[in-house]
Ligand code: SF4
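Residue numbers (the working numbering): 12 to 545.
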């Protein structure tokens, strides 16, 4: 495999059996981006460890020698706009982009990853099947189920695979609409043997993911990644990383995480601790102690965003001595009222303390992360954010402050899935920019247009697939999407419907047939608790 010769593997690929299934596992972006995805690494290793498969990898800029007749083609989709490359890859491999156009001679095309687990519907017509939820057990179940129907006609294969919990075969569900440009009416399986609801799968093992390959060509050069926690117990009401991946899982530090890190240290000194809420691991302190051992002296440590009230001086000091200069905390808003609405359990004193601890521990900068346009937000809430940032600057002088700020985007399976993007969010980002930059606070807004596209895909239904196919011809700007919405007027709802409209809670949602960790009744209850505070 000369194209991947800079890699150090941390697992042993097995020899494939003579009758192994030829499978291509693709990442619809460059090698550098794809190989930095822990999910891609782990799934590749899992597939390459099965003797009944012969696995080739494909990225947009390089690939293994590909089989002439692959039976399965898989994609890991981590970023919404990578669908453009996904469609390009299908075309290059001469596979019809729509599942309906494929026949027995084409491979079964499956997808997985965070974008598809949240809401696969805008992409549903491009896949024969989608794996929903954690892949650890599900991938094995998929391959084993495929082996039993390998020689059968394609439709029988799909019917059989649709029986496996977590495998969603979109073509076996019929979606009807109140009008071509109206809301959904019903989503029903085509046959009684097909489950009406597909349950996302939850992995319950004692370990989580760790890097299976280290390479200097990764976007984070030579990084060895360790997933310290999965999900987050905090349930901030907009948060997909919490709601979609519950329950909160924490492997043992002594028995699992430290041995995993030691394995990585044999090949690199760059360690990344990943997870939605890393510092909430109940034994996080013991993990920090590990990094004070002499064997970790040369470690360059990166850590994902941490909860504000877990920023201790010890944490800051350990990061500072391991080549990290700043720490990121998500405050979402400076307004106490708005933080209550979103269920962010955080008081201003903990924010000041986090800043003081960061400085005392030797870090030079504190990055805060906020959002504009949250449901229930008023202008007074933005003024509160400005006031809070100014107060931190005053109380902890000398610490460089950055506020990264995105626009609220509704996500499926969260209590805020029914709320639209507030159009005034764009002006509110400008307000923050004006008032923070003048105070010497680095303000980094995320593009509002990008948030609109994200919301479109996040709440999209199957009708969007026609729009996505056309838009890629025009480029990925918001203008291109608007242009195609005009071209398809009357055939699907307008952009405003998907992005900005608040949806009634009794509507059938595009993902109503896909069951996340919490029932809809719980999401509604959490939504009502928020609305009561508006
Ligand atoms: S603390 Fe962070 S990861 Fe946890 S629910 Fe809130 S926003 Fe999500």
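Just so you know, even glycine gets a beta-carbon here, dropped at the ideal spot from N, CA and C.
Where residue i falls, given that 16 or more other Cβ within 10 Å makes a residue buried
i           : result
residue 89  : buried
residue 541 : buried
residue 26  : exposed
residue 455 : exposed
residue 1   : Here the chain comprises residues numbered 12 to 545, so residue 1 is not present and cannot be evaluated.
residue 161 : exposed
residue 30  : exposed
residue 85  : buried
residue 482 : buried
residue 422 : buried
residue 12  : Low local confidence applies: a pLDDT of 45 at residue 12 is under 50, so the model's placement there is unreliable, with the coordinate-based value given in what follows. Counting Cβ neighbours within 10 Å, residue 12 comes out exposed, since fewer than 16 surround it.
residue 305 : exposed
Nearest-angstrom Cβ-Cβ length linking residue i and residue j, presumed shorter than 8 Å
i           : j           : result
residue 372 : residue 424 : Contact flag wrong, Cβ pair sits at about 37 Å.
residue 388 : residue 443 : So it is not a contact: roughly 12 Å between Cβ atoms.
residue 49  : residue 228 : So it is not a contact: roughly 16 Å between Cβ atoms.
residue 414 : residue 467 : Residue 414 to residue 467, Cβ: 26 Å. No contact.
residue 69  : residue 100 : 7 Å
residue 120 : residue 106 : 7 Å
residue 150 : residue 140 : About 12 Å separates the two Cβ atoms, so there is no contact after all.
Start-to-end residues for the alpha helix (DSSP H) that takes in residue i
i           : result
residue 31  : That residue, residue 31, is in no alpha helix (DSSP H); it is neither H nor E in DSSP.
residue 373 : That residue, residue 373, is in no alpha helix (DSSP H); it is neither H nor E in DSSP.
residue 515 : Neither: residue 515 is in no alpha helix (DSSP H) and is coded neither H nor E.
residue 494 : 489 to 498
residue 325 : 324 to 332
residue 468 : 459 to 469
residue 57  : 49 to 59
Same chain, Cβ closer than 7 Å to residue i, neighbours up to 5 away in sequence not counted
i           : result
residue 18  : 224, 226
residue 144 : 128, 177, 211, 212, 213
residue 293 : 261
residue 73  : 14, 42
residue 91  : 126, 465, 468
Run of the beta strand (DSSP E) containing residue i, from where it starts to where it stops
i           : result
residue 92  : Where residue 92 is concerned, there is no enclosing beta strand (DSSP E), given that its DSSP letter is neither H nor E.
residue 66  : 64 to 69
residue 121 : 119 to 123
residue 454 : 453 to 456
residue 238 : 234 to 238
residue 476 : Residue 476 -> not in any beta strand (DSSP E); alpha helix (DSSP H) instead, spanning 475 to 485.
residue 228 : No beta strand (DSSP E) holds residue 228; DSSP gives it neither H nor E.
residue 411 : 411 to 418
residue 630 : The chain is shown only over 12 to 545; residue 630 falls outside these bounds and no answer can be derived.
residue 448 : Not the beta strand (DSSP E): residue 448 falls in the alpha helix (DSSP H), residues 436 to 448.
Same chain, Cβ closer than 8 Å to residue i, five either side skipped, listed in chain order
i           : result
residue 552 : As displayed, the chain neither begins before 12 nor continues past 545, which places residue 552 out of reach and without an answer.
residue 246 : 253, 254, 354, 537
Neighbourhood of residue i by C-beta, 6 Å cutoff - its chain only, sequence neighbours within 5 removed
i           : result
residue 20  : 224
residue 97  : 39, 86
residue 169 : 180
residue 135 : 181, 473
residue 199 : 185
Residue i CB to nearest heavy atom of the ligand PLP below 7 Å
i           : result
residue 448 : Only the ligand SF4 can be found as ligands here, which leaves the ligand PLP out of the picture.
Touching by the beta-carbon criterion (3+ pairs, under 8 Å), the region 329 to 345 and the region 363 to 380:
yes
The region 118 to 135 / the region 510 to 529 touching (three or more Cβ pairs under 8 Å):
Touching, yes.
Could you tell me whether the region 400 to 419 touches the region 492 to 509, using the rule of 3 or more Cβ pairs below 8 Å?
Here the region 400 to 419 makes no contact with the region 492 to 509; the two share fewer than three CB pairs at distances below 8 Å.
Taking 8 Å as the threshold, find out whether the region 273 to 285 comes into contact with the region 307 to 317 through three or more Cβ pairs.
yes
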